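For what it's worth, this note's numbering labels the leading residue of the sequence shown as 748, then goes sequentially. Inspection log for the structure reproduced underneath, given as structure tokens.
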Amino acid sequence: MPLTLKTVPCLRDNYAYLIHDAESGRTAIVDVPEAAPVQRALAQAGWQLTDILITHHHDDHIDGVEELRAATGASVWGARADRHRLPPLDHALDKGDVVTFGGATGHVIDVPGHTVGHIAFHFPDSGLAFTADSLMALGCGRLFEGTAAQMWDSLTKLMALPDDTLMCSGHDYIKGNGAFALSVDPDNTALHDRLTKLDTDRAAGLPMAVATLRVEKATNPFLRASQDYLKRIHFKEAVTDLEMFAYLRGLKDRF
748 MPLTLKTVPC LRDNYAYLIH DAESGRTAIV DVPEAAPVQR ALAQAGWQLT
798 DILITHHHDD HIDGVEELRA ATGASVWGAR ADRHRLPPLD HALDKGDVVT
848 FGGATGHVID VPGHTVGHIA FHFPDSGLAF TADSLMALGC GRLFEGTAAQ
898 MWDSLTKLMA LPDDTLMCSG HDYIKGNGAF ALSVDPDNTA LHDRLTKLDT
948 DRAAGLPMAV ATLRVEKATN PFLRASQDYL KRIHFKEAVT DLEMFAYLRG
998 LKDRF
């Protein structure tokens, strides 16, 4: 049975994600920017939190972990490489590890770039991936600690997932990301269609940080760095995919 997904808006523009396994009754939250909205969502759903999954160490993803752990007794999972700057971990994870969650299995993907210890969680049977600040809706995370080569490698790993995977990212930056995407890929029909729907989707209460990988591949400029036509728009000579990605990331930093 697929996991049930519930998005939880937090802070000004963050998202946390509840996943629930109906058979076992286990419920996890992916990242905890703050505890109160998560607790309200749990109460509304009638779920008991059992697990907390952390993607990376930034405060706007972990500030509510200790309060939520104290209130629920949930076990905390996070990257072994980052354990020195995460809340105390009950389960330290390495790349390639598997998280057994009731009847579901989650795979740990190492996705450095935004930070060097960033991980993502992929639940293939439910078609869900939690990418936080690596792959984002119409964008990717700023390179605070890692390199362009690390981030491009991370995005390449995520692009290898099935196209119908729902990519759940950490922030609603889609308005700014969309404006940037349009500036560098102005003739992209799929991008225009996606941007046209944004206001309607927001008014309907749909989460702005969630889209299928298929949609991201068609509209996210950082996933399109290998496209020859996009390279021709910006360069008169051949460049590698990595060079194109680094160029786009630099443009976005100054946008």
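Positions of the beta carbon are idealized from the N, C-alpha and C atoms, including for glycine. Because the structure is a prediction, the values reported are computed rather than measured.
Residue i - DSSP class collapsed to helix/strand/coil
i    : result
G860 : coil
F848 : strand
M883 : strand
H831 : helix
K842 : coil
H865 : coil
S873 : helix
K983 : coil
V777 : strand
P756 : strand
L977 : helix
Opening and closing residue of the beta strand (DSSP E) in which residue i lies
i    : result
N924 : First-last for N924: 921–931, but that is the alpha helix (DSSP H), not the beta strand (DSSP E).
G825 : 822–826
Spatially closest choice to residue i from the options, by CA coordinates
i    : options           : result
V962 : D910, V986, P933  : D910
R941 : L929, G952, A951  : L929
L885 : H869, P871, L902  : L902
L989 : D975, F1002, C757 : D975
G874 : G893, A818, A958  : A958
D760 : A985, D919, T987  : D919
Anticipated Cβ contact below 8 angstroms, residue i with residue j, distance rounded
i    : j    : result
M914 : T862 : About 18 angstroms; that fails the 8 angstroms criterion.
D857 : I866 : 6 angstroms
D932 : P968 : 5 angstroms
A826 : L840 : 6 angstroms
First and last residue of the uninterrupted alpha helix (DSSP H) at residue i
i    : result
I801 : Here I801 belongs to no alpha helix (DSSP H), and DSSP marks it neither H nor E.
A792 : 782–792
**Prompt:** Can you list, in chain order, the stretches of the beta strand (DSSP E) that have 3 or more residues and sit fully within the segment 937–967?
**Reply:** Listed in chain order, the complete beta strand (DSSP E) runs (minimum 3 residues) inside the segment 937–967 are 957–959.
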